[in-house]
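Residue numbers (full-length UniProt numbering): 1 to 291. Ideal Cβ positions, reconstructed from N, Cα and C, are used throughout, including at glycine. Take a look at the structure set out below.
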Amino acid sequence: MRYSRATFYSFALLFIGCAGQVEKKKSDTDSKKQIETTTQVKEKEDYVHFHGAPFKGKILMVASSPTVSKQTGWPIGFWAAELTHPLHVFQQAGYEVELVSTAGGKLVMDGYSDPTDESGYSAHDVISLGYMQQESFKTMLENTKKLTEVNVKDFDAIFLVGGQGPMYTYRDNKDLERLFVDFYELNKPTAAVCHSTTLLLKARKSDGDLVISGKTWTGFANAEEDFADEAVGMKIQPYRIEDEAKKLENTTFKVATPFASYAIEDGNLITGQQQNSGAAVARMLVAQLSE
Numbered sequence: 001m002r003y004s005r006a007t008f009y010s011f012a013l014l015f016i017g018c019a020g021q022v023e024k025k026k027s028d029t030d031s032k033k034q035i036e037t038t039t040q041v042k043e044k045e046d047y048v049h050f051h052g053a054p055f056k057g058k059i060l061m062v063a064s065s066p067t068v069s070k071q072t073g074w075p076i077g078f079w080a081a082e083l084t085h086p087l088h089v090f091q092q093a094g095y096e097v098e099l100v101s102t103a104g105g106k107l108v109m110d111g112y113s114d115p116t117d118e119s120g121y122s123a124h125d126v127i128s129l130g131y132m133q134q135e136s137f138k139t140m141l142e143n144t145k146k147l148t149e150v151n152v153k154d155f156d157a158i159f160l161v162g163g164q165g166p167m168y169t170y171r172d173n174k175d176l177e178r179l180f181v182d183f184y185e186l187n188k189p190t191a192a193v194c195h196s197t198t199l200l201l202k203a204r205k206s207d208g209d210l211v212i213s214g215k216t217w218t219g220f221a222n223a224e225e226d227f228a229d230e231a232v233g234m235k236i237q238p239y240r241i242e243d244e245a246k247k248l249e250n251t252t253f254k255v256a257t258p259f260a261s262y263a264i265e266d267g268n269l270i271t272g273q274q275q276n277s278g279a280a281v282a283r284m285l286v287a288q289l290s291e
């Protein structure tokens, strides 16, 4: 049988097309193999505490008792998220938590930190909102012990809650300084967040050196103070932690992007920049307890 030139041409195109399809399929297969060999399977398992399970240990949380700001005249106390977000981390990880305060008694949260406040400033804080519905949380705030009633041996770690109150109630508070240093010198996780880091400006170890001597740490930043002052049209704080920290020698004070979650772990000292950093600090603390 004789074939015309046109027929041969058609056969050639068909062959080339089939070869291309075979090559394409082969190429696709090779690509899939390459993907399969380069993809790494990752797995993660975290303990989540469940009702009735034994506690792993006990963490002390310290908050400011209510006071009045000498700058603004506002009633002030602790910042809600700086208590509830770490509290959630601790409870999920299986730790019992006891809350105490600078003067004992009933605690109140800063108005702007209340997710139900008419300002709407913290309306996004669903963790605090959830805790506010719990009777156990209300009871926790109702009648706290004083600092002087605490026995360090009963706890595995300490966490200082921040807010506007600590700028008045933590500064020069010798009872709190001694308590914090006792935890630190026993090599227990020792944490502070936001304005609670004001305590570190003066807290000294038994050898006379500051706790932060030779350490890197963080706290509420000047840029964040500027934002807060501008938002309300007045100077809120009597002094600024970043300014005071930079006056000290042999210590490194660092800040990150304003209001980003930022935490620093330097030995058993753990610090967080502001209210959005509490959970990160708490996770570092839990990790140290798990070592």
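Item checked: Cβ neighbour criterion (16 or more within 10 Å) applied to I16 -> What you label residue 16 is simply residue 16 of the sequence shown in a count that begins at 1. Residue placement at I16 is poorly supported in this model, since its pLDDT is 44, which falls under 50; the coordinates are not used for a value here.
Check: Does the beta-carbon of M284 have 16 or more other beta-carbons within 10 angstroms, so that it is buried, or is it exposed?
Finding: Translated into the one-based positions of the sequence shown, residue 284 becomes position 284. By the 10 Å Cβ count, M284 comes out buried.
Next item on the list: Identify whether S213 lies in helix, strand or coil by the three-state DSSP scheme.
Entry: For the purposes of this step, residue 213 is taken as the residue at position 213 of the sequence shown. Reduced to three states, the DSSP call for S213 is coil.
Next item on the list: Could you have a look at A260 and say whether DSSP puts it in helix, strand or coil?
Entry: For this step, residue 260 is matched to residue 260 along the sequence shown. Coil at A260, not helix or strand.
Check: Is M109 buried or exposed, if buried means 16 or more other CB atoms sit within 10 Å of its CB?
Finding: What you label residue 109 is simply residue 109 of the sequence shown in a count that begins at 1. Under this definition M109 is a buried residue.
Checklist line | Coarse secondary structure for M109, derived from DSSP in three states | finding: Looking up residue 109 in the sequence shown gives position 109. The answer is strand: DSSP assigns M109 an E or B state.
Item checked: CB-CB length for L87 against A63, believed under 8 Å -> The residue you call residue 87 lines up with position 87 of the sequence shown. The residue you call residue 63 lines up with position 63 of the sequence shown. Not a contact, Cβ separation roughly 11 Å.
Check: If you follow the alpha helix (DSSP H) that K174 is part of, which residue opens it and which one closes it?
Finding: If you number the sequence shown from 1, residue 174 lands on position 174. In the DSSP assignment, K174 falls within the alpha helix (DSSP H) that extends over K174 to E185.
Check: Can you give the Cα-Cα distance for M167 and P54, rounded to whole angstroms?
Finding: Your numbering for residue 167 matches position 167 in the sequence shown. Your numbering for residue 54 matches position 54 in the sequence shown. Their backbone Cα atoms lie some 37 Å apart in a straight line.
Check: If you draw a straight line from the alpha carbon of D175 to that of A192, how long is it in whole angstroms?
Finding: Your numbering for residue 175 matches position 175 in the sequence shown. Your numbering for residue 192 matches position 192 in the sequence shown. Just so you know, the alpha carbons of D175 and A192 end up roughly 16 Å apart.
Margin query: Tell me the rounded alpha-carbon separation between A228 and G120.
Written below: By one-based count along the sequence shown, residue 228 stands at place 228. By one-based count along the sequence shown, residue 120 stands at place 120. Computed Cα separation, rounded: 14 Å.
Notebook entry, point to check: What are the boundary residues of the beta strand (DSSP E) that includes E43?
Noted result: In the sequence shown, the residue the question calls residue 43 occupies position 43. Annotation: E43 is outside any beta strand (DSSP E) and is labelled neither H nor E by DSSP.
Item checked: Pairwise C-alpha distance: V126 and H51 -> Taking the sequence shown and counting its residues from 1, one reaches residue 51 at position 51. Taking the sequence shown and counting its residues from 1, one reaches residue 126 at position 126. Cα to Cα, H51 sits roughly 22 Å from V126.
Checklist line | M1 versus V41: straight-line alpha-carbon distance, rounded | finding: On the sequence shown, position 1 is the one that residue 1 refers to. On the sequence shown, position 41 is the one that residue 41 refers to. Only weak support is given to the placement of M1: the predicted model assigns it a pLDDT of 46, under 50, and the value that follows is read from those uncertain coordinates. If you take the alpha carbons of M1 and V41, they lie about 60 Å apart.
Check: Under a three-way DSSP split, which group does M234 fall into?
Finding: The residue labelled residue 234 in the question sits at position 234 within the sequence shown. In the structure shown, M234 sits in coil (DSSP, three-state: anything other than H, G, I, E or B).
Notebook entry, point to check: So which of G57, F90 and S113 has the shortest CA-CA distance to D154?
Noted result: Translated into the one-based positions of the sequence shown, residue 154 becomes position 154. Out of G57, F90 and S113, G57 has the C-alpha closest to the C-alpha of D154.
Notebook entry, point to check: Would you report the Cα separation of L129 and D114, rounded to the nearest angstrom?
Noted result: For the purposes of this step, residue 129 is taken as residue 129 along the sequence shown, with counting starting at 1. For the purposes of this step, residue 114 is taken as residue 114 along the sequence shown, with counting starting at 1. If you take the alpha carbons of L129 and D114, they lie about 8 Å apart.
Notebook entry, point to check: With a CB to CB cut of under 7 Å and the five nearest residues on each side skipped, what residues in its chain are close to T198?
Noted result: Indexing the sequence shown from 1 puts residue 198 at position 198. Hits under 7 Å: P166, M167, Y170, R171 and I241.
Item checked: Coarse secondary structure for T197, derived from DSSP in three states -> On the sequence shown, residue 197 is found 197 positions in, with the first residue counted as 1. Of the three classes helix, strand and coil, the one that applies to T197 here is helix, per DSSP.
Margin query: Our contact map puts T271 next to T218 with C-beta atoms below 8 Å; I'd like the distance itself, whole angstroms only.
Written below: Looking up residue 271 in the sequence shown gives position 271. Looking up residue 218 in the sequence shown gives position 218. With 8 Å as the limit, T271 and T218 qualify as a contact, their Cβ atoms being about 5 Å apart.
Notebook entry, point to check: Helix or strand or just coil, what does DSSP make of Y131?
Noted result: If you number the sequence shown from 1, residue 131 lands on position 131. Helix, per DSSP.
Item checked: Among M61, L210, A81 and T39, the one whose alpha carbon lies nearest that of F259 -> Start at 1 with the first residue of the sequence shown, and residue 259 comes out as number 259. It is A81.
Next item on the list: Would you tell me roughly how many angstroms separate the C-alpha atoms of F78 and E43, rounded to the nearest one?
Entry: Translated into positions along the sequence shown, residue 78 becomes position 78. Translated into positions along the sequence shown, residue 43 becomes position 43. Their Cα atoms are separated by approximately 38 Å.
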